[in-house]
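Structure first, commentary second.
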Amino acid sequence: MFSSIRTLDISITLVGLIFAWHLFRRTRSSTAQFPPGPRGLPLIGNLLDMPSQKEWLTFAKWGEKYGDITSVSILGQRMVVVNSVQMAMTLLDKKSSISSDRPLIAMGGELIGWKNALGLMPYGPRFRNFRRLAHQFFGSNATMKPFLPMVELETHRFLKRISAKPEELSADIRKTAGAIILQISHGYAIQEENDPFVKLAEEAMDQFSLSTAPGSFLVNLIPILRHIPEWFPGAGFKRTAREWASTLNDFVERPHNYVKQEMADGKARLSFTSSQLEGGVGAEEEFDIKWLAGSLYGGGADTTVASVYAFFKAMLLYPEVQAKAQAEIDAVIGDDRLPRFDDRERLPYINALVLEVTRWHTVAPTGIPHCVTEDVVQSGYFIPKGSLILANIWKMLHDPTVYNAPFKFNPDRFIRTETREPELDPYKMVFGFGRRICPGRLLADASVFMSCAMVLAVFDISKYSENGVVFEPDTEHSAGTISHPTPFKCTIQARSRKALELIDEERHS
């Protein structure tokens with residue numbers, strides 16, 4: 001649905017060039033030394049160097065040539081790419097007071113409306129209030145604890161779904177992630193088949209991922225284009241934005257209205273939304289509540305889906321890891337019950353496996369761009385106020401100077417031994433940096449851990465074969481702000497009759 005930059009109508013580009021001329025002159029007149037990068041062209045700068053998808057791969061190549069910090073100019077807008085964790089920590093953690101803002105993302109943020117959600121919201125009082133509310137509800141181990149039994153219950157239901165219809169693995173993962181986050185955000189229990197809110201979240205988050213990626217729409221690189229009329233040649237993105245804005249409105253409004261109706265009927269379950277609406281609120285406060293709840297159930301569900309799906313693919317490709325993880329569960333827990341959260345400290349290899357899942361498949365390869373609110377000098381390079389900062393998280397998690405054999409799935413890299421220290425904790429990167437770190441990281445971690453532990457306790461995952469032909473999964477991933485493993489087939493079978501009994505066992509919340 002989105003177009004490559006190189007095939008967009010030239011007339012749109014010309015409009016952007018006119019408005020960018022003054023920016024070009026300012027850039028030309030500056031004697032400051034910007035971070036190095038590919039040489040641009042007059043006027044348009046590096047517009048034609050920008051990839052239309054999987055930009056993290058191009059950024060990594062720039063890093064190999066120009067160093068840990070590189071930059072380009074697009075019609076006068078400076079964009080800085082950080083390819084090392086040390087540089088990201090310096091710029092985005094230590095200097096977070098001036099690097100925590102968000103730039104205007106014209107397609108996803110402005111035209112569609114995601115600027116009201118936590119991820120794209122500008123840094124300021126409203127953002128800090130959102131963060132405070134999220135932290136109070138489930139941002140610490142203490143506040144997360146009451147939700148853990150529900151996560152265990154929903155993960156057990158996930159086992160039942162897989163056992164009944166293993167061919168619907170991807171849908172079952174999404175259904176389970178949605179069930180967990182929707183109970184927390186809106187007190188909503190999903191329908192087992194064709195749940196409207198789960199479907200709506202999938203559609204909205206797919207659109208978010210495409211509309212916020214740096215190179216997917218030209219208007220994200222030339223924001224002034226958002227003002228051209230819909231009838232203008234090449235302005236098809238305006239029609240797309242209008243349709244996707246309608247999806248986003250439903251995504252935010254419908255679950256919120258469900259909670260209000262349940263509260264009016266005296267049937268509402270405890271949730272973030274019901275707890276905030278209790279006692280009555282003003283229109284502005286209610287607007288913030290519904291957008292924060294939407295942020296939680298959208299972002300939280302989609303990122304967890306990608307990680308759990310990646311776990312299944314990793315088990316296909318690395319059966320020796322699967323066997324080692326199952327051996328630990330068998331030794332520590334046995335076969336009389338399913339794993340629980342209170343087993344976690346006794347399952348070091350499973351914990352390492354969860355870390356490796358998040359490292360091996362990077363859910364948010366470049367995250368969402370930061371924006372500096374003051375001029376910055378970093379490593380002798382000048383970064384002007386208003387510059388975009390993109391952290392190439394994918395590159396950091398696959399850096400051979402940080403991780404040994406980075407493209408291999410190896411949980412042992414996170415196990416301390418007498419002769420080896422663990423490699424760098426990927427959680428320092430995968431959830432973002434500084435004041436933009438994901439407030440739902442504890443829930444995401446808990447959900448992925450429980451899925452991995454329970455699945456390995458009762459299932460064997462192997463390559464799918466048909467008529468004697470084995471289907472070999474690839475290691476590819478989708479483009480977009482949120483990246484998913486490419487689809488694959490697999491065989492999922494209960495490990496034993498006892499495992500089947502555990503799957504079929506009835507549990508209640």
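Start counting the sequence shown at 1; every next residue gets the next number (this note's numbering). Virtual Cβ for every residue (Gly too), placed ideally from N, Cα, C. In this text the structure is predicted, and so the values were computed from the model without any measurement.
Review point. Taking just the CA atoms, how far does residue 145 sit from residue 490?
Key: Counting from one through the sequence shown, the residue named residue 490 turns up at place 490. Counting from one through the sequence shown, the residue named residue 145 turns up at place 145. Answer to the nearest angstrom: the Cα atoms are 34 Å apart.
**Study point:** Own chain, CB closer than 8 Å to residue 277, minus 5 neighbours either side, in chain order
**Key:** Position 277 of the sequence shown, counting from 1, holds the residue named residue 277. Non-local beta-carbon contacts of residue 277 in its own chain, meaning distances under 8 Å to residues more than five positions away in sequence, involve 259, 260, 263, 286 and 289 in chain order.
Practice item. Closer than 7 Å by C-beta to residue 131: which residues in its own chain qualify, once you throw out the five before and the five after it? Chain order, please. Key: For the purposes of this step, residue 131 is taken as the residue at position 131 of the sequence shown. So the list reads 439, once near-sequence residues are dropped.
Exercise for review: Please classify residue 362: does DSSP put it in a helix, a strand, or coil?
Suggested key: Residue 362 sits at position 362 when you count from the first residue of the sequence shown. DSSP, reduced to helix, strand and coil, places residue 362 outside both helices and strands of the structure shown, so it counts as coil.
Review point. With burial defined as no fewer than 16 other Cβ atoms inside 10 Å of the residue's Cβ, what is the status of residue 370: buried or exposed?
Key: Here residue 370 corresponds to residue number 370 of the sequence shown, with the count starting at 1. Counting Cβ neighbours within 10 Å, residue 370 comes out buried, since at least 16 surround it.
Practice item. Specify whether the segment 218-225 and the segment 476-495 touch according to this definition: at least 3 beta carbon pairs, one from each stretch, less than 8 Å apart. Key: Between the segment 218-225 and the segment 476-495 there are fewer than three inter-stretch CB-CB distances shorter than 8 Å, so the stretches are not counted as touching.
**Study point:** residue 47 burial status per 10 Å Cβ neighbour count (16 or more: buried)
**Key:** The residue labelled residue 47 in the question sits at position 47 within the sequence shown. It is buried - the Cβ of residue 47 has at least 16 other Cβ atoms within 10 Å.
Practice item. Return the residue from the list 237, 182, 116 and 417 that minimises the CA-CA distance to residue 216. Key: Here the question's residue 216 lines up with position 216 in the sequence shown. The option with the nearest alpha carbon to residue 216 is 237.
Check your understanding: Is residue 78 helix, strand or coil when you go by DSSP?
Key -> Translated into positions along the sequence shown, residue 78 becomes position 78. Strand.
Point to revise | For residue 378, the first and last residue of its enclosing beta strand (DSSP E) | key: For the purposes of this step, residue 378 is taken as residue 378 along the sequence shown, with counting starting at 1. Boundaries of the beta strand (DSSP E) around residue 378: 376-378.
Review point. Can you name, in chain order, every residue of its own chain whose Cβ lies under 8 Å from the Cβ of residue 499, other than the five neighbours on each side?
Key: The residue given as residue 499 occupies position 499 in the sequence shown. Closer than 8 Å at the Cβ level, and outside the excluded window around residue 499, lie 335, 457, 458 and 459.
Review point. According to DSSP, is residue 88 helix, strand or coil?
Key: Mapped onto the sequence shown, residue 88 falls at position 88. In the structure shown, residue 88 sits in a helix (DSSP, three-state: H, G or I).
Point to revise | Opening and closing residue of the beta strand (DSSP E) in which residue 494 lies | key: The residue given as residue 494 occupies position 494 in the sequence shown. Counting along the chain, the beta strand (DSSP E) containing residue 494 begins and ends at 490-494.
Check your understanding: Counting only runs that start and end within the segment 408-440, where is the alpha helix (DSSP H) found for 4 or more residues in a row?
Key -> Counting whole runs of 4 or more residues, the segment 408-440 contains the alpha helix (DSSP H) stretches 427-430.
Review point. Can you give the Cα-Cα distance for residue 310 and residue 127, rounded to whole angstroms?
Key: To locate residue 310, count along the sequence shown from 1; it is residue 310. To locate residue 127, count along the sequence shown from 1; it is residue 127. Here the alpha carbons of residue 127 and residue 310 stand approximately 31 Å from one another.
Practice item. Give me the Cβ distance between residue 275 and residue 112, rounded to the nearest whole Å; I'm assuming they're in contact under 8 Å. Key: Your numbering for residue 275 matches position 275 in the sequence shown. Your numbering for residue 112 matches position 112 in the sequence shown. No, residue 275 and residue 112 are not in contact; Cβ-Cβ is about 28 Å, not under 8 Å.
Exercise for review: Using a threshold of 9 Å, state whether the C-beta atoms of residue 301 and residue 157 are closer than that.
Suggested key: Here residue 301 refers to the residue found at position 301 when the sequence shown is read from its first residue. Here residue 157 refers to the residue found at position 157 when the sequence shown is read from its first residue. It is not a contact, given that the beta carbons lie outside the stated cut-off.
Point to revise | Candidates 77, 279 and 330, of which the one nearest residue 350 by Cα | key: Position 350 of the sequence shown holds residue 350. Among 77, 279 and 330, the Cα nearest to that of residue 350 belongs to 330.
Exercise for review: Would you kindly work out how many angstroms separate the C-alpha atoms of residue 257 and residue 273, rounded to a whole number?
Suggested key: Mapped onto the sequence shown, residue 257 falls at position 257. Mapped onto the sequence shown, residue 273 falls at position 273. Roughly 10 Å separates the two Cα atoms.
**Study point:** Per-residue DSSP class, three states only, for residue 22
**Key:** Position 22 of the sequence shown holds residue 22. Bear in mind that a pLDDT of 43 at residue 22, under 50, signals an unreliable position, so the number given afterwards is only what the model happens to contain. Residue state, collapsed to three classes: helix.
Review point. Where do the N-terminal and C-terminal ends of the beta strand (DSSP E) with residue 461 fall, by residue?
Key: Position 461 of the sequence shown holds residue 461. Where residue 461 is concerned, the enclosing beta strand (DSSP E) stretches over 459-463.
Practice item. Output the boundary residues of the alpha helix (DSSP H) element that contains residue 181. Key: Sequence index remark: in the sequence shown, residue 181 carries index 181 (1-based). Run containing residue 181: 169-186, per the alpha helix (DSSP H) assignment.
Practice item. To the nearest angstrom, report how far apart residue 44 and residue 76 are at their CA atoms. Key: One-based indexing of the sequence shown puts residue 44 at position 44. One-based indexing of the sequence shown puts residue 76 at position 76. Those two C-alpha atoms are separated by around 8 Å.
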